[in-house]
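Have a look at the structure below before the remarks.
Residue numbers (full-length UniProt numbering): 1 to 340.
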């Protein structure tokens, strides 16, 4: 049903897609997450419209960026999806080219924060997520990021490692709760270091949290909204916090590799992915929170996503340049104050 609707709605793109040669191949580099769903909802429908073949390469960000860099002079990847700071890092190395947004019919439909998050049209946001605190509502109440270090949660809390995508944003919000106004994470890192013995684990994967929560070894932890489904149906009283300081999060962007020679096909694929129909299909399948502001979903679906203009406007995101420029300093501080 979803695939059929997506194809029907996306048929408006067929006229422009008809210009594509049937023997063309588009090579994309993506996260390994939910690839069966992406194949059904995005890749296969686009192949039917364009008469082309999509070659999908997956892996973690480090591996995928390394491949793009190793083939800089003769690109083997046409487009990729990355976190904002990883994409900015690739752009600074000259691995990417600006995206011609004038050729994207769906660009104007995006939330403003997704239209040009890197500057110079070097990337386009296609999904984002909130980060807050998931907690056992029968054990504690979480009203502030500072509650993570409270006596009530001592010995029952997990915190993201500094090397994860959740680590710096969680520290940033903890700093806000401490009265810090900038992105200098010195104070929150020191605070976490002082309470390190009260923290069950510094996690690197959200799946670790789900197991610890199920085993009742932890009562609370910062986590991305994309992982909420692992907790809300675990049979325990669970809640998603709305801290006084707000929620943070992250964004993933589409990027175009430099001088790949396949720009037109890559642009048409990006436009297809950003369309209301495809973004709706991905949202309803609980794959991605939509960056397209026209997407409408049911309340039940919305409860599992980072969804709606009000929610999006309240996200307090660390600037990708800040993450890129400061992460080595943050890591050094973390190793000194927390890992010891």
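All C-beta atoms in this analysis are idealised placements derived from N, C-alpha and C, irrespective of residue type, glycine included. No experiment lies behind these values; they were computed from the predicted model shown.
Determine the contact status of residue i and residue j, defining contact as a CB-CB distance below 8 Å.
i, j, result
"residue 169", "residue 131", "yes"
"residue 336", "residue 249", "no"
"residue 339", "residue 192", "no"
"residue 251", "residue 84", "yes"
"residue 118", "residue 253", "yes"
"residue 28", "residue 257", "no"
"residue 136", "residue 237", "yes"
"residue 220", "residue 142", "yes"
"residue 54", "residue 47", "yes"
"residue 173", "residue 187", "no"
"residue 103", "residue 267", "yes"
"residue 330", "residue 185", "yes"
"residue 255", "residue 82", "yes"
"residue 171", "residue 199", "no"
"residue 223", "residue 134", "yes"
DSSP three-state call for residue i: helix, strand or coil?
i, result
"residue 341", "Limits of the chain in this structure are 1 at one end and 340 at the other, which puts residue 341 out of reach."
"residue 67", "helix"
"residue 242", "coil"
"residue 53", "strand"
"residue 38", "helix"
"residue 295", "coil"
"residue 110", "strand"
"residue 247", "strand"
"residue 171", "helix"
"residue 235", "coil"
"residue 21", "Because the pLDDT at residue 21 is just 42, under 50, the model does not fix this residue reliably, and the point stays unresolved."
"residue 290", "coil"
"residue 177", "helix"
"residue 43", "helix"
"residue 166", "coil"
Between which two residues does the alpha helix (DSSP H) harbouring residue i extend?
i, result
"residue 323", "320-334"
"residue 92", "84-92"
"residue 306", "Run containing residue 306: none; DSSP gives neither H nor E here."
"residue 158", "Here residue 158 belongs to no alpha helix (DSSP H); instead the beta strand (DSSP E) covers 157-160."
"residue 60", "No alpha helix (DSSP H) holds residue 60; DSSP gives it neither H nor E."
"residue 101", "Looking at the DSSP string, residue 101 is not in any alpha helix (DSSP H), and its letter there is neither H nor E."
"residue 190", "186-194"
"residue 271", "263-274"
"residue 206", "206-214"
List the DSSP bridge partners of residue i.
i, result
"residue 222", "133"
"residue 253", "82 and 125"
"residue 315", "247"
If you follow the beta strand (DSSP E) that residue i is part of, which residue opens it and which one closes it?
i, result
"residue 201", "199-203"
Exercise for the section: Would you check if there are 3 or more beta carbon pairs closer than 8 Å linking the stretch 138-157 to the stretch 312-330? Expected result: No: fewer than three Cβ pairs fall under 8 Å.
Practice task
Pair every Cβ in the stretch 233-249 with every Cβ in the stretch 55-66, then say whether three or more of these pairs are closer than 8 Å.
Solution key: In short, these stretches do not touch, since the Cβ pair count stays below three.
Practice task
Count the C-beta pairs between the stretch 201-214 and the stretch 140-147 that are closer than 8 Å, then say yes if the count reaches three, no if not.
Solution key: No, because fewer than three Cβ pairs between the stretch 201-214 and the stretch 140-147 fall closer than 8 Å, the two stretches do not touch.
Exercise for the section: For the stretch 37-44 and the stretch 289-304, state whether three or more C-beta atom pairs, one from each stretch, are separated by less than 8 Å. Expected result: Taking a cut-off of 8 Å on C-beta distances, the stretch 37-44 does not touch the stretch 289-304, as fewer than three cross pairs fall below it.
Practice task
Answer yes if the stretch 295-304 comes into contact with the stretch 270-283, meaning at least three C-beta pairs across the two stretches below 8 Å, and no otherwise.
Solution key: Yes, they touch.
Exercise for the section: Specify whether the stretch 76-95 and the stretch 116-124 touch according to this definition: at least 3 beta carbon pairs, one from each stretch, less than 8 Å apart. Expected result: Remark: three or more beta-carbon pairs, one from each stretch, lie closer than 8 Å, so the stretch 76-95 and the stretch 116-124 are flagged as touching.
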